[in-house]
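Here is the structure we will look at, set down as structure tokens.
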Amino acid sequence: MTMDATHNPRAESWVESANGTDTDFPIQNLPFARFRRKRDEAWRVGVAIGDDVLDLQQAGVLEDADSGSVMALSATGRKALRKTLFDGLGTGSPMQARWKEALYLQSAVELGLPSEVGDYTDFYTGIYHATAVGKLLRPDTPLLPNYKWVPIGYHGRASSVAASGLKFHRPHGQVMQADGIAPQLQPTQRMDYELELAIWIANGNALGEPIPIAHAENHVWGLSLLNDWSARDVQAWEYQPLGPFLAKSFATTVSPWVVTLDALAPFRCKQRRPPGDPQPLPYLDSPANRSGGAYAIELEVWLHTAEMQRDGLAPQLLSQSNFEDAYWTLSQLVAHHTVNGCNLRAGDLLGTGTLSGPQAMQGGSLLELSQGGHNNITLDNGEIRTFLEDGDTIILRAYAERAGARRIGFGECRGTVLPARA
Ligand code: MN
Numbered sequence: 000m001t002m003d004a005t006h007n008p009r010a011e012s013w014v015e016s017a018n019g020t021d022t023d024f025p026i027q028n029l030p031f032a033r034f035r036r037k038r039d040e041a042w043r044v045g046v047a048i049g050d051d052v053l054d055l056q057q058a059g060v061l062e063d064a065d066s067g068s069v070m071a072l073s074a075t076g077r078k079a080l081r082k083t084l085f086d087g088l089g090t091g092s093p094m095q096a097r098w099k100e101a102l103y104l105q106s107a108v109e110l111g112l113p114s115e116v117g118d119y120t121d122f123y124t125g126i127y128h129a130t131a132v133g134k135l136l137r138p139d140t141p142l143l144p145n146y147k148w149v150p151i152g153y154h155g156r157a158s159s160v161a162a163s164g165l166k167f168h169r170p171h172g173q174v175m176q177a178d179g180i181a182p183q184l185q186p187t188q189r190m191d192y193e194l195e196l197a198i199w200i201a202n203g204n205a206l207g208e209p210i211p212i213a214h215a216e217n218h219v220w221g222l223s224l225l226n227d228w229s230a231r232d233v234q235a236w237e238y239q240p241l242g243p244f245l246a247k248s249f250a251t252t253v254s255p256w257v258v259t260l261d262a263l264a265p266f267r268c269k270q271r272r273p274p275g276d277p278q279p280l281p282y283l284d285s286p287a288n289r290s291g292g293a294y295a296i297e298l299e300v301w302l303h304t305a306e307m308q309r310d311g312l313a314p315q316l317l318s319q320s321n322f323e324d325a326y327w328t329l330s331q332l333v334a335h336h337t338v339n340g341c342n343l344r345a346g347d348l349l350g351t352g353t354l355s356g357p358q359a360m361q362g363g364s365l366l367e368l369s370q371g372g373h374n375n376i377t378l379d380n381g382e383i384r385t386f387l388e389d390g391d392t393i394i395l396r397a398y399a400e401r402a403g404a405r406r407i408g409f410g411e412c413r414g415t416v417l418p419a420r421a
């Protein structure tokens, strides 16, 4: 995937709101989502442009309103669709009169999941997260010996993946009591979030036929934000020996917009691997992956507590990090997932794992920022947190930015913790 006319930073749209410097959705972005104007309406597939969403069926770009028809395209087909949308939305386009009728304000529609979710796998590519969490358990050997050889992952729960905006009750689970004698069923006292990216699979592979790393990106539709909500006390008690289970399966939220790898082409970068680390096994290695398999994407976590909302205060930034610091690239995740012949399918979702940065303040979860609940975090309004309280809203944001390219935004992934059910 290379740069072309659709990446020209000077290109503008006849949709005025797409030309502001602070928009997430300039004409160089063109991310896809499913939306509906009314609750009882079927989902429609659209593309973001400034403050609006363009209905692709109504605009005559797609035959039907199914996001599957975008996902079924080959990498070449997706590139052609991007060019069609770029040309039609560009200043002076003859499509303006017709497409104007197919524009809706994003704030006036409901944005859903980008597609039905097939299988959901969560990886563990954030080496600074893995190290920080490992340190809480094993101060001398935080990283397990397999970490730099094999992309670690587990099979998550797809049914509870929900669109941004979800409000969910603090989950109950088994929690070992302080006396260490027996667990109780109780609402989690260590409600946490995880800052991640979602990798949406556009088209899969036949059972038994691995996807070679050189073809991996052809199978990826794009990226969105993902919050892997986690109940840390439940997790601590249940995770051995088979990994996370009910501590994570109660809710996962994703942002509605799928930002394509074509849109992210200007932000490709070298994979970061410190000298002295083992080289990836051949099936996880390629020249293209080394030189440009990573993506520089700025990531942010914001907290909006019930008290801030009541007092009319803005959300507070909790941490910033970058996808560039992940240990494995998305191509490596796809190649690894399928190397045993496991088939990926359109609509499958791969989570990157928590994306923390190298500094302690760059933790992508409260588990890290509070050092396992030992350190209080004092917010600007005087409130204190170690883990989330009822009424807290977490907002994930992301954008890619560099000189010579237009800034590409992801929108937001939002979710709110409600009190536990009685
Ligand atoms: Mn996770």
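So in numbering that gives the first Met the number 0, spot 405 of the sequence shown is number 404, and the numbers just go up one at a time. Yeah, the Cβ is synthetic: ideal placement off N, Cα and C, and Gly gets one too. Model, not experiment: these values are computed from the prediction.
Per DSSP, the bridge partner or partners of residue i
i: R289; result: R289 is not bridged to any residue.
i: V300; result: S318, L395
i: N226; result: L194, T252
i: W199; result: G221, L348
i: P411; result: Before going on, a small fix: residue 411 reads as Glu here, not Pro. Answer is R396.
i: I383; result: T377
i: M175; result: P182
i: T48; result: First, the residue type needs correcting, since residue 48 is Ile and not Thr in the sequence shown. Partner(s): D51.
i: L417; result: H168
i: C268; result: A293
i: V338; result: None; V338 has no bridge partner.
i: H154; result: T120
i: R43; result: F34
i: V257; result: F31
Near the ligand MN: residue i beta-carbon under 6 Å from a heavy atom
i: D363; result: According to the sequence as given, residue 363 is Gly; it is not Asp. No, the beta carbon of G363 sits no closer than 6 Å to any heavy atom of the ligand MN.
i: D121; result: yes
i: E237; result: no
i: D232; result: no
i: E193; result: yes
i: G352; result: yes
i: D227; result: yes
Simplified DSSP assignment, three categories, for residue i
i: A262; result: coil
i: S73; result: coil
i: I212; result: helix
i: F85; result: helix
i: K134; result: helix
i: V160; result: strand
i: A32; result: strand
i: S16; result: helix
i: V233; result: helix
i: E323; result: helix
i: M2; result: coil
i: L368; result: helix
i: G67; result: helix
i: E306; result: helix
i: V60; result: coil
i: S355; result: coil
i: P281; result: helix
i: L343; result: coil
i: Y127; result: helix
i: Q331; result: helix
i: K147; result: coil
Same chain, Cβ closer than 7 Å to residue i, five either side skipped, listed in chain order
i: E382; result: T304, E306
i: L366; result: V132, D191, R231
i: A10; result: I26, Q27, G89
i: S159; result: S248, F249, A250, T251
i: L312; result: N380
i: V233; result: G172, Q173, V174, T187, L245, A246
i: Y123; result: A129, I151, G152, G352
i: F85; result: T5, I26, L29
i: P182; result: Q173, V174, M175, Q176, W236
i: V108; result: F34, R35, R36, V52
i: L316; result: E299, W301
i: Y326; result: T124, I126
Close Cβ partners of residue i (< 6 Å) along its chain, the five nearest in sequence each way excluded
i: K166; result: T415, L417
i: D391; result: T304, V416
i: V52; result: F34, G45, Y103, Q105
i: W220; result: M70, W199, A201, V257
i: L387; result: M190, V416
Sequence-distant residues of its chain with Cβ nearer than 8 Å to residue i (five each side left out)
i: P255; result: A32, R33, F34, L110, G111, L112, P113, A162, S163, S223, G410
i: S68; result: V44, L61, E62
Open item on the list: As an exercise, report each continuous beta strand (DSSP E) stretch of at least 3 residues that is fully enclosed by the stretch 91 to 119, in chain order.
Closed with: 102 to 104
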